[in-house]
Amino acid sequence: MAAENILQPKSFPSFRHRSLRFRGTPTSVLIWSAFLLVITLCSLFADVIAPYNPNHQGNLLTERYQPPSAQHLFGTDKFSRDVFSRVLYGGRISLGIAFGVMVLSLTIGLIYGTIAGYWEGIIDSMMMRLLDFLMTFPAIFLIITIVAVFHPNHWYLVLILSLVSWMETARLVRAEVLSVKSRDFVLAARGLGLTHWQVIRRHIIPNCLTPVLVAAPFKIAEVILVESTLSFLGVGVQPPVPSWGNIIENGRQAMLHAWWIATFPGIFIALTVMSFNAVGERLKQLVAPEKPGLIRQV
């Protein structure tokens, strides 16, 4: 009985405890969460919600640069395309890339940090020196160089952005592994003859998920900003495929007489990033209240 008790992980608060704390979630966080749910659903079901095909061009003489109206909620651009439809479809691309990068980069960081933290000594030293070397490269310039040279499909941005954004997660996970591996239930598991893989799978990884869970919303917000920047610079999602970044770039030169083209996707980017930051901050309070400042905001 004593052995069973000592083998039980102690990191996560109980479900009842988390539920009680969730009930105290500020109204502002609930509003941000509702906005995320709405924008995600609208982007997923853009085929149903959008009134026009995002690449449909109307009459260039009479329908271009039309201001917001009942017919075109967000107006039209220089090719007479409906900006509202393009924003919805652009949200699908931008959010899809962001979620994909979040899953892949956090997975790479979790695996790398777990290996480095569990096997200390020369393995940990070599892996951390490699990590330090990789973190010396300015990520944005490395991304721009890769994309500009190879001109990949926009879904390849998921792989490219993931390969340059997992390092911080690896550091956080390594620090957590170093703490967890010295606890009684891990030492008892080793004493009972569990293999390294069994110890890692059953005890180390489940108790090191806190920084990964907390980092997820902030990582999505970060990727949205990076992808929008790349698309705005012309090295991200390429026209005619819409994304929030390249829609803003399309409206940049017409800001004085067609402000709506760049304004509405910019508002969506700002609100979405703020929403993910608010949700991430609340998640940090729920699962890691003892570690303030663990994850930086975007």
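Numbering-wise (our numbering), the sequence shown opens with residue 33 and increments by one.
Note that CB positions come from ideal geometry on N, CA and C, so glycine has one too.
Every value quoted in this text rests on a predicted model; they were computed, and no experiment measured them.
Approximately 4 Å separates the beta-carbon atoms of glutamate 208 and cysteine 240; this is inside 8 Å, confirming the contact.
One thing to note: phenylalanine 308 has its Cβ within 8 Å of the Cβ of phenylalanine 250. Annotation: valine 212 to phenylalanine 296 spans about 46 Å, alpha carbon to alpha carbon. DSSP places threonine 108 in the strand class (E or B) of the three-state scheme.
Classified as buried, glutamate 281 has 16 or more neighbouring CB atoms from the shown chains inside 10 Å of its CB. By the Cβ neighbour-count rule, proline 272 is exposed, with fewer than 16 other Cβ atoms within 10 Å of its own. Rounded to the nearest angstrom, the Cβ distance from leucine 303 to phenylalanine 67 is 6 Å, consistent with a contact under 8 Å.
Rounded to the nearest angstrom, the Cβ distance from valine 190 to valine 133 is 5 Å, consistent with a contact under 8 Å. In this structure, the straight-line span from the alpha carbon of asparagine 87 to that of proline 100 is close to 18 Å. In the same chain as histidine 228, and ignoring 5 residues on each side of it, no C-beta atom comes closer than 7 Å to its own.
One Cα belongs to tryptophan 151, the other to arginine 234, and the distance between them is close to 16 Å. Across the structure, alanine 253 and tryptophan 276 are spaced so that their CA atoms are roughly 13 Å apart. A Cβ-Cβ contact shorter than 8 Å links isoleucine 293 with isoleucine 279. Histidine 183 is classed as exposed because its beta carbon has fewer than 16 other beta carbons within 10 Å across all chains shown. Sequence-distant partners of glutamine 89 (beyond 5 residues in either direction) whose C-beta falls short of 7 Å from its own C-beta, in its chain, are Phe111, Ser112, Arg113. Per DSSP, the unbroken alpha helix (DSSP H) holding isoleucine 147 starts and ends at 115-150.
Ranked by Cα distance from leucine 262, the first of Pro58, Val179, Ala247 is Val179. C-alpha of leucine 136 to C-alpha of serine 194: approximately 6 Å in a straight line. Note that the stretch 163-182 does not touch the stretch 283-290; fewer than 3 beta-carbon pairs, one per stretch, sit closer than 8 Å.
Beta-carbon to beta-carbon, phenylalanine 116 and leucine 127 are separated by about 17 Å, too far to satisfy the 8 Å threshold. Taking each of Arg215, Arg222, Pro170 in turn and checking the Cα distance to valine 258, the smallest one comes out for Pro170. Distances from the CA of leucine 142 to each of Val269, Ser260, Gly298, Ile236 were compared; the closest alpha carbon is that of Ile236. Serine 65 and valine 311 do touch by the CB rule: their CB atoms are close to 6 Å apart, below 8 Å. Around the beta carbon of isoleucine 81, fewer than 16 other beta carbons sit within 10 angstroms, so the residue counts as exposed.
Judged by beta-carbon spacing, isoleucine 175 lies within the 8 Å limit of valine 196, meaning their Cβ atoms are closer than that value.
When the Cα atoms are used, leucine 120 and cysteine 74 turn out to be separated by approximately 7 Å.
Residue range 78-81 is occupied by the alpha helix (DSSP H) that includes alanine 78. The residue from Gln98, Val231, Gly223 with its alpha-carbon nearest to that of isoleucine 147 is Val231.
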